[in-house]
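Numbering that gives the first Met the number 0 numbers the first residue of the sequence shown as 0 and each following residue consecutively. Glycine included, each C-beta is placed from N, C-alpha and C at the ideal position. Below: the structure, in structure tokens.
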Amino acid sequence: MTTFHDFNVKTIDGTSKSLADYRGKVCLVVNVASECGYTFHYEGLEKLYRELKDKDFVVLGFPCNDFGGQEPGTEADIAAFCASKYDVTFPMFGKVSILTAPRAPLYEFLTKTQSAPEGPGDVAWNFAKFLIGKDGKVVARFAHRTKPEAPELRTAIESALSV
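Now the structure itself:
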């Protein structure tokens, strides 16, 4: 059975990264965009990461330009924006296609996986959140409107950390 840990992706600086490196950690995978009405989520995501990183939790940002062209810059532009505007220290990855061909294999996997409260299907907008358990299985999925500080997201993270 395929899990999150079976994928390799490019980091924002272009190096290859095996997601198996996150085995044993709870991961929050988020498709991000610098020019979106939800870009303020970066602040809450960074706060979550800093608060919980020592408890085997990590936020993973995947820039995507598929939704309204709201991530038009290069990886270097995105990294500079995240560092200067939101002091992002969680891992960021290269731009991915989520809706358009060629679709990122990781998102092909994530969007086909049964999860709650939002079930399988295409990502609707920037800042959709997939919670991955320590074993690499998707344990929850939250729509873009779910803020990083939302109680339901926090409860799901803490539940996954306790397993």
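When C-alpha distances from N30 are compared across L105, K54, S83, A75, the shortest belongs to L105. Taking a contact to require three or more Cβ pairs closer than 8 Å, the segment 113-122 and the segment 69-80 do not qualify as touching.
For the alpha helix (DSSP H) assignment, the uninterrupted runs of no fewer than 4 residues enclosed by the segment 83-150 are, from N- to C-terminal side, 104-111. For G60, the enclosing beta strand (DSSP E) has its first and last residue at 56-62.
For K9, the enclosing beta strand (DSSP E) begins and ends at 7-9. Going by C-alpha positions, D55 is about 6 Å away from V25.
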